[in-house]
Amino acid sequence: MLSRLRGAMARLWTPLADALLRAGVSPDAVTVVGTLGVVVTALWAFPTGHLAVGALVIAVFSLTDSLDGVMARRAGRSGPWGAFLDSTLDRFGDAAVFSGLVVWFAGGGDDRTTALLALVCLVLGSVVPYARARAEGLGMTASGGIAERADRLFAVLLAALVVGLGAPTVVMTVVLALLAVASAVTVVQRVAAVRRQVRAGVTP
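Residue numbers (the working numbering): 953 to 1156.
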């Protein structure tokens, strides 16, 4: 769902992308600034209990995440470096979001169960992309699964927003529990995909 929304946003970003390129702004600079915005917001707003504000600001940065890609394509600079930088910095953003929730619910939010689930999501959220990257490094594929990054981020930000606006904490607890299960299933799916390829002789 969020991936389709980003596709629509990419078309809307074209005029802004052209303007930034004319001003001498590089796609890499947009990638770095966007990541810094997510990290700073997540590590300030969430640990201090400003869940709704944090969710909204991070959502804005997330929706502009496709801007750097549009700029790179318009400038004819799409390539491995941009993909590597974007993917690597995404890990920082995701880690900051779940770390901020861990800090809040382990402290002022006073809900150890939710804090633990956020920590589980943090760990599994790093294993999911690692499984794909490691498979690709071995000449195989391990993409897909029921918990893609965009969907995980959308779900946790929506939960943070509604809880920040007054919904009970149990909403966040349930969402994090579902994300943890979905992430674990995704890891299993990717491991199984690699195993099938190994058995089929798909190795370099």
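Don't be surprised by glycine CBs; every beta carbon is placed ideally from N, CA and C.
As the structure is a prediction and not an experimental result, all values here were calculated from the model.
Beta-carbon gap between residue i and residue j smaller than 8 angstroms
i            : j            : result
residue 1012 : residue 966  : no
residue 1051 : residue 1074 : yes
residue 1009 : residue 987  : no
residue 1099 : residue 1135 : yes
residue 1069 : residue 1125 : yes
residue 998  : residue 1037 : no
residue 1047 : residue 1057 : no
residue 1063 : residue 1016 : no
residue 991  : residue 1045 : yes
residue 1029 : residue 1081 : no
residue 1087 : residue 1146 : yes
Residue of the options minimising C-alpha distance to residue i
i            : options                   : result
residue 1168 : 1065, 974, 1026 and 1014  : Because the chain in this structure spans residues 953 to 1156, residue 1168 falls outside the shown range and cannot be described.
residue 897  : 1109, 983, 971 and 1104   : No answer is possible for residue 897: it lies beyond the span of the chain, which begins at 953 and ends at 1156.
residue 980  : 1106, 1025, 1009 and 1007 : 1025
residue 1055 : 1000, 1136 and 1038       : 1000
residue 1142 : 1105, 1097 and 1062       : 1097
residue 963  : 1053, 1062, 1020 and 985  : 1020
residue 1018 : 969, 1125, 1139 and 1150  : 969
residue 1152 : 1092, 1109, 1116 and 1102 : 1092
residue 1060 : 1003, 1106 and 1016       : 1003
residue 1027 : 972, 1129 and 1088        : 972
residue 1128 : 1145, 975 and 1106        : 1106
residue 989  : 976, 1005, 1108 and 974   : 1005
residue 1102 : 1039, 977 and 1150        : 1039
residue 1157 : 1117, 1130, 978 and 1116  : This structure leaves residue 1157 out entirely; the chain is present only between 953 and 1156.
Supposed contact pair residue j and residue i - C-beta distance, whole angstroms, cut 8 angstroms
i            : j            : result
residue 1072 : residue 1119 : Wrong, their Cβ atoms sit about 21 angstroms apart, outside the cutoff.
residue 1084 : residue 1095 : 6 angstroms
residue 1123 : residue 1114 : 6 angstroms
residue 1109 : residue 1007 : 5 angstroms
Residue range of the unbroken alpha helix (DSSP H) whose run includes residue i
i            : result
residue 1051 : 1032 to 1058
residue 1062 : From DSSP, residue 1062 is part of no alpha helix (DSSP H); its letter is neither H nor E.
residue 1142 : 1122 to 1151
residue 985  : 979 to 997
residue 1101 : 1101 to 1116
residue 1098 : From DSSP, residue 1098 is part of no alpha helix (DSSP H); its letter is neither H nor E.
residue 1023 : 1019 to 1026
residue 1006 : 1003 to 1015
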